[in-house]
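Counting from 22, one number per residue, gives the positions in the sequence shown under my numbering.
For each residue, glycine too, the CB sits at the ideal point set by N, CA and C.
Since we're looking at a predicted model, the values are computed, not measured.
Heads up: the structure comes next, in structure tokens.
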Amino acid sequence: MEALKAARDVVSKQKMITSAFDDECLKLHQAVGTEAPEQDASIAGSSNIDLLHPLTMPVGSSVQTPELFKGSLKGYQVKGLQWLVNCYEQGLNGILADEMGLGKTIQAMAFLAHLAEEKNIWGPFLVVAPASVLSNWVDEISRFCPDLKAFPYWGGIQERTLRPDWRFRQIDLVGILPLDLVGAL
Ligand SMILES: Nc1ncnc2c1ncn2[C@@H]1O[C@H](COP(=O)(O)OP(=O)(O)OP(=O)(O)O)[C@@H](O)[C@H]1O
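Printed below as a string of structure tokens:
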């Protein structure tokens, strides 16, 4: 709820800025006797944006599938990627809640690839996932983003201390941690 409130605050602040800018433009056009251009409802600041529905986000995003992502994102997945990048750039948290099996994992990976490629942010990122999909994450990363090195981190305290590679390999790009280990950190 806090994230939604923060997002709404950002959007309403942006709308106020945009509206003040539009008013100034209108006054200038009236002063010089020209007609003001029609507003483009698809650009940022549009009142059509619904934060709960990524498909209503501005269509003008230049974010495309990163080259580090070795696959082809479907149209709605590109839109999801753009929404994630938009949230990131505005400092907002977001939950991508597509239906089961629509490729949330792939979109999350494409987002990490975007951060690496466009912003030179190579992590380490921490992925927290149920233990049952841990190996799926590792497989999908090596298949779609082979340049991102994944390091699955699992096991009880004892097993983890027996794995010295964990400490030495903290520079790995993606740590993948099963959900039930979060409390153990
Ligand atoms: N653009 C794509 N190109 C190739 N394969 C894809 C694409 N999108 C999804 N898939 C495949 O479809 C399957 C389902 O995707 P995935 O498991 O990522 O969905 P999900 O939304 O994360 O699922 P869940 O809700 O079960 O966590 C996976 O095997 C994935 O590799």
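Check: Nearest to residue 166 by CA position, among 155, 147, 132 and 150, is which residue?
Finding: 132
Item checked: Backbone secondary structure at residue 150 - three-state DSSP -> strand
Check: Do residue 125 and residue 92 have their C-beta atoms within less than 9 Å of each other?
Finding: No, the pair does not count as a contact, with Cβ atoms beyond the cut-off.
Notebook entry, point to check: Which whole-angstrom value is the C-beta distance of residue 89 and residue 168, which I expect to be below 8 Å?
Noted result: 5 Å
Next item on the list: Quick one: residues in its chain with C-beta nearer than 7 Å to the C-beta of residue 190, no 5 flanking neighbours on either side, listed in chain order?
Entry: For residue 190, the pLDDT reaches just 47, beneath the cut-off of 50, and the residue's location in the model is therefore unreliable, leaving the point undetermined.
Item checked: residue 118 (DSSP reduced to helix, strand or coil) -> coil
Next item on the list: Would you identify the three-state DSSP class for residue 132, choosing helix, strand or coil?
Entry: Here residue 132 carries a helix assignment [DSSP, helix/strand/coil].
Margin query: Nearest by alpha-carbon distance to residue 150: which of 159, 30 and 113 is it?
Written below: 159
Next item on the list: Mind checking which residues open and close the beta strand (DSSP E) that includes residue 172?
Entry: 171 to 173
Item checked: Proximal residues to residue 106 (C-beta, below 8 Å), its chain only, five neighbours per side dropped -> 82, 84, 132 and 135
Check: Is residue 28 near residue 128, with beta carbons less than 9 Å apart?
Finding: no
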